[in-house]
Amino acid sequence: MQEVTTEKKEFTPNIVAFCCNWCSYAGADLAGSSRLTYPANVKIIRVPCSCRVNPMFVLKAFQQGADGVILCGCHPGDCHYVTGNYYTRRRMALLFSFLNYMGIEKERTRVEWVSAAEGARFSAVMNDFVKTVTELGENKRLTDLRVKEGE
Amino acid sequence: MQRIGVFICWCGSNIAATVDVQKVAEVMKSEPGVVYSADYQYMCSENGQQLIKQAIKEHNLTGIVVGSCSPRMHEATFRKTAEAAGLNPYMVEIANIREHCSWIHKDMDEATEKAIILVRTAIAKVKLNAPLMAGESPVVKRALVIGGGIAGIQAALDIADAGFEVDIVEKNATIGGRMAQLDKTFPTLDCSACILTPKMVDCAQHEKIDILSYSEVEEVKGFVGNFSVKIRRKARYVDETKCTGCKICMEKCPSKKGLNSFNMDLNTRPAIHIPFAQAIPNVAVIDPEQCIKLKTGKCGICQKFCGAGAIDYEQKDTFIEREYGAIVVATGYKPINLDAFNEYGYNDNKDVITSLELERLMNAAGPTNGVLLRPSDGEHPKVITFIQCVGSRDSSGCGKPYCSKICCMYTAKHAMLIREKYPDTEVHVFYIDVRTPGKNYDEFYRRAVEQYGVDYIKGMVGKVYNENGKLMVQGSNLIDNEQITIESDLVVLAAAIEPEPSVRKVATLLTASIDTNNFLTESHAKLRPVESPTAGVYLAGVCQGPKDIPETVSQASACAAKVIGLLAKDKLKTNPCVAIPDESMCNGCSQCANVCAYGAITYENKEFRLGGGKTEIRRVACVNPAVCQGCGACTVTCPSGAMDLKGFSSKQIMSEVEAICKK
Amino acid sequence: MKDVEMKMKERAKQLLESGEVARVVGWKKGDFCYDPSPATFETVEELDNFVYDYFCGANLSKYLIQISKKEGKTAVFLKPCDTYSFNQLVKEHRINRENVYVIAVECMAKFDIEKIKEKGVSQITGVEVKDKDVKVSSLYGETTLYKPEILLTKCETCQKTHQVKDEEIILHERPERDVDRFAEVKKLEAMTEDERFAFWKEQLSKCIRCNACRNVCPACSCVKCVFDNPASGVAAKANDSEFEEKLFHVIRAFHVAGRCTDCGECSRVCPQHIPLHLLNRKFIKDIDGLYGEFQAGEEAEGKTPLTSYTEGDAEPNDVLNGEAK
């Protein structure tokens, strides 16, 4: 147990952020051009729309060692593709609730709407998410839901 | 075998100050598949691009990754660079090591490590890129304008003046719309008809414009550049080519008790009628609900008197089908129904009227020939009270949450005109706020108050009731903090406006999106305000949101500019990053079409070989690449993964995920 | 139940003899009294093996994807729960409705042979039901069991009614049942994350990836499964990733979300007795709670909760934090 606590101190989570091209990716760009920092362990994957994010991408990220996954899209009603983020909202509400039902810590998954003008918000969201996941520690559960005892 | 080139940009010191660019370029040299890696101060400069071009040629590169600023900045630049060197432009991926890395991290080691991961991720993706070609689709050089009000008229004239053919489909018997009903227009007080009717005539006489009045859109197929539209030409029982507009039929028609909708039902008109004197086309129409001949078979007087032989009781609805490259929606508005506003007594008192009714009462061609007389007894009203925001800015659920935008100005206009014409009349206006943004608007309002002595009262009206033949308007005066009651002869309600209800059907036919208030949604509230998200569909006038005449005309002209820009092209280049179904895996379950906002997905039955000489017919999805916008909603809905998105394929993203997670 | 079976057989015979249908889909006798299997009958002679009893739990609707493509009409016997799957498949254009003649048959709940065996009864030769008593005869004699204790899990909470029928064969009134099908889901929800994880880890670790759940599921009827699709990036066959192995059940449950009719076949066929229906029911419960009650397969057309939306839908973060309204 002691080992775990010392490990936790140095733990920096691996965060994957899926950002829609039109709002959130641009919001991240704005955070950049405004020099609003957030930890380097947040890495962004660009998708045309948040509705392009397949649950399999999220699961794959966890399985490959991500400690937290966050989806960012345009605010509901502002989707570049009109309705895309409405589907995202339902899909991810159900998926994340389901993952939590399977025992995955609810803090590891998040959906945030960030517009192209919200650079400050992008940075704040990422800082907060990193902080939350850091406190939670390493993702061990979603790498394999079928780990046998003793593994 | 993939041969990837990696180009790391310093962006002067923007990247190089926090990312060890040389190290990144060096590390990439040993990445599998990478055959060339270099760094340069400004990759986007002429010299930088030259370096990329040379490397592509010298090293026979099959794909390149540029580690630089955001792809939103220079993806297009580097795609052109690649294309110039003979590489497919879609074999380029950008690793954003500036906005997403060097600019937000301070620690050099940390930022360098992240930059390496981001470049690796881009490499992982580019390895799975496939050359993409932008498709082409031809453009039909004709536009359809739905709605013949001032918005539709302006758009049609502008498009036609640029040399393209335009059809105006108008559901009423004449074009002109709401503006034709108005008396004077703010803020200049010129007569509405005087400025509108010449434009109507221009439309009628324009060789490129075809007015399809008394017609409705029934069916829309196709997509931007290639719409095929079925139009219902409703039976008007009068041969449009023969009627001369002499109006003898109107004189002779024995059934004269029809409500005159052009005059807001304030007077009556014959069953056969021309809506108003300057109607375009100047052709009669028979109201089948009212015509004795059509209802009972007996009568036929108009036919007898029609010298042109234009009357045809046997006429049926006909359908025409036409092709268009672009569609402008300009379906306009109507005042809301006031049934939910009992407190103002609109349904109980003849002398409680709406502003649009007042327009008709003040119009020289209106039911009172322009003399302001109250509907109940034909007397001159001495005290007139206006009530603003009736159903506008109303969150109670009875009305509309939005501001109807035009009411403050037209009420100032009405008040001013009344005071001008009848100086002995007292005019009160109850308002919540007076909103007058616009050129010469506030000056106009101030004139009403200062020059014409209109009594503006800040406050809401609680109720209007009849007492001894007087209309008692009870409201609060918020400035003086008191309850007041004004004994009035006429009460005018500034009823909220809402989109003409037929817009719902039009939106459905066009797969154009509509908001909760039934206003059509623009593609981008600020930057693409006249385009519907459905490509090739444009929005003009109040169907998109409340607006006055100058704004409507501006928007209509903006629409026309967009349409002209589209029709001027012979072919449209289509975005190649569109959805693509794998037919061998498609279930034909329709789930993808259910989430497609653009109607880009259709289904067809296709024969598949099963082996052993057997075949099977299966329903499979087809994506129209000219319509698909590439959002990817369908790809996630598809359970089998048959639907994929070019440029952002599942495999590409999965591979990016894998690379980005590696520490 | 015998009387129902007779009626069904009779009707099947009529339909085949008259040529109204080219085939009948029902159940045929197995080697033992408790293992009837779905079957197609094309001649009157074949009907000798026709059976309908308390062990006919299988959902026949999925077979119609292929069969309804064949020439000639197909008659099928559908239990209440099967009709939802049938409708869902019609909605998804998988079943050619015009080619199918649906005969709704009464159900009265089906038995789980495993549960009977767990009661210590083996070598079963027959069952006889009287109210809630089930007389089970075996080579070793007779035992009376309590009916609610030996029902298939899917039948325990079933309140389904026939959603589609061209005609019906119903002789007995079905007893009313007042049970909460989400009780088990709620129990899991009430646990801590750790407990839930431990529960599912134990359950899913039993999975041998035999694909029985996928093969039987009427919602899992893809022409080609995403896990067999090399373009999906998840097919595990030819690469070094164990992704498929590890997250199969999550993906499967998500793919059938909004389409799963809760027919319970997945749990019925799982050789490892994993309560797979509790995965699907979580989605159903969430959908009901967040977007309004929805029963897949109640309608043969329209959108599912995951292909529709409202502007005021709950935010995923609020759902996770239990703050969604």
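Protein chains in written order, with the working numbering: chain Y, 1 to 151; chain S, 152 to 814; chain G, 815 to 1139. Ideal Cβ positions, reconstructed from N, Cα and C, are used throughout, including at glycine.
Rounded to the nearest angstrom, the Cβ distance from Phe18 (chain Y) to Val53 (chain Y) is 5 Å, consistent with a contact under 8 Å. Counted as a single uninterrupted DSSP element, the beta strand (DSSP E) harbouring Met794 (chain S) occupies residues 794-796.
Per DSSP, reduced to three states, the secondary structure at Glu981 (chain G) is strand. Bounds of any alpha helix (DSSP H) do not take in Leu36 (chain Y), whose DSSP letter is neither H nor E. In this chain, the alpha helix (DSSP H) harbouring Met560 (chain S) covers 558-572. When only Cα atoms are considered, Thr587 (chain S) and Cys345 (chain S) end up about 25 Å apart.
Within the stretch 84-116 of chain Y, contact with chain G at the beta-carbon level (separation under 8 Å) is assigned to Tyr86, Tyr87, Arg89, Arg90, Arg91, Met92, Ala93, Leu94, Leu95, Phe96, Ser97, Phe98, Leu99, Asn100, Tyr101, Met102, Gly103, Ile104, Glu105, Lys106, Thr109, Arg110, Val111, Glu112.
Of the candidates Y:Arg108, Y:Gly27, Y:Pro48, the residue whose Cα lies closest to the Cα of Glu118 (chain Y) is Y:Gly27.
Closer than 8 Å to the CB of Pro13 (chain Y) there is not a single CB belonging to chain G. Val729 (chain S): not part of any alpha helix (DSSP H); DSSP gives it neither H nor E. Cβ proximity to chain Y below 8 Å picks out Asp1100, Ile1101, Leu1104, Tyr1105 from the stretch 1099-1117 of chain G.
Counted as a single uninterrupted DSSP element, the stretch harbouring Asp318 (chain S) is not any alpha helix (DSSP H) but the beta strand (DSSP E) occupying residues 316-320. Ser546 (chain S) is positioned such that its CB atom lies no closer than 8 Å to that of Ile648 (chain S).
Scanning its chain for C-beta atoms nearer than 6 Å, with the 5 sequence neighbours on each side dropped, one finds around Ala923 (chain G) the residues Leu965, Cys969, in chain order. When Cβ-Cβ separations below 8 Å define contact, Arg35 (chain Y) makes no contact with chain G. Here Phe759 (chain S) is exposed. Its C-beta has fewer than 16 other C-beta atoms within 10 Å. Distance between Lys385 (chain S) and Leu363 (chain S), taken at the CA atoms: about 10 Å. Of the other Cβ atoms in all chains shown, fewer than 16 fall within 10 Å of the Cβ of Cys1024 (chain G); this residue is therefore exposed.
Within chain G, the residues Val1064, Ile1065, Phe1068 have their CB atoms less than 8 Å from the CB of Pro55 (chain Y), given in chain order. Taking a Cβ-Cβ threshold of 8 Å, the residues of chain G close to Thr667 (chain S) are Glu1125, in chain order. Going by DSSP, Phe129 (chain Y) is part of the alpha helix (DSSP H) stretching over 119-136. Within the same chain, Cys23, Ala26, Gly27 come within 6 Å of Ala116 (chain Y) by CB-CB distance, once the 5 residues on both sides are set aside.
Per DSSP, reduced to three states, the secondary structure at Asn863 (chain G) is helical.
Ala233 (chain S): member of the alpha helix (DSSP H) spanning 222-235, first to last residue.
The residue from S:Val615, S:Glu209, S:Ser181, S:Lys359 with its alpha-carbon nearest to that of Gly314 (chain S) is S:Lys359. The C-beta of His251 (chain S) has 16 or more other C-beta atoms within 10 Å across all chains shown, which makes the residue buried.
By the Cβ criterion, the stretch 58-69 of chain Y is in contact with the stretch 127-143 of chain Y, since at least three pairs of Cβ atoms, one from each stretch, lie closer than 8 Å. Within the stretch 727-782 of chain S, the complete beta strand (DSSP E) segments at least 3 residues long are 730-732, 752-762, 765-774, listed from N- to C-terminus.
The three-state secondary structure of His579 (chain S), taken from DSSP, is strand.
Comparing alpha carbon positions, the residue from G:Gly1136, G:Asp1132, G:Glu1125, G:Ser952 closest to Tyr86 (chain Y) is G:Glu1125. A direct Cα-to-Cα measurement between Ala826 (chain G) and Lys931 (chain G) gives close to 33 Å. If you keep only unbroken alpha helix (DSSP H) runs of at least 4 residues inside the stretch 865-917 of chain G, you get 878-881, 894-905.
Counting only the Cα atoms, His531 (chain S) lies some 20 Å from Val615 (chain S).
Here the alpha carbons of Thr109 (chain Y) and Gln828 (chain G) stand approximately 59 Å from one another. The stretch 451-467 of chain S makes no contact with the stretch 674-688 of chain S; the number of CB pairs closer than 8 Å stays below 3. Contact check between the stretch 362-381 of chain S and the stretch 658-665 of chain S: three or more CB pairs, one atom from each, fall below 8 Å, which counts as touching.
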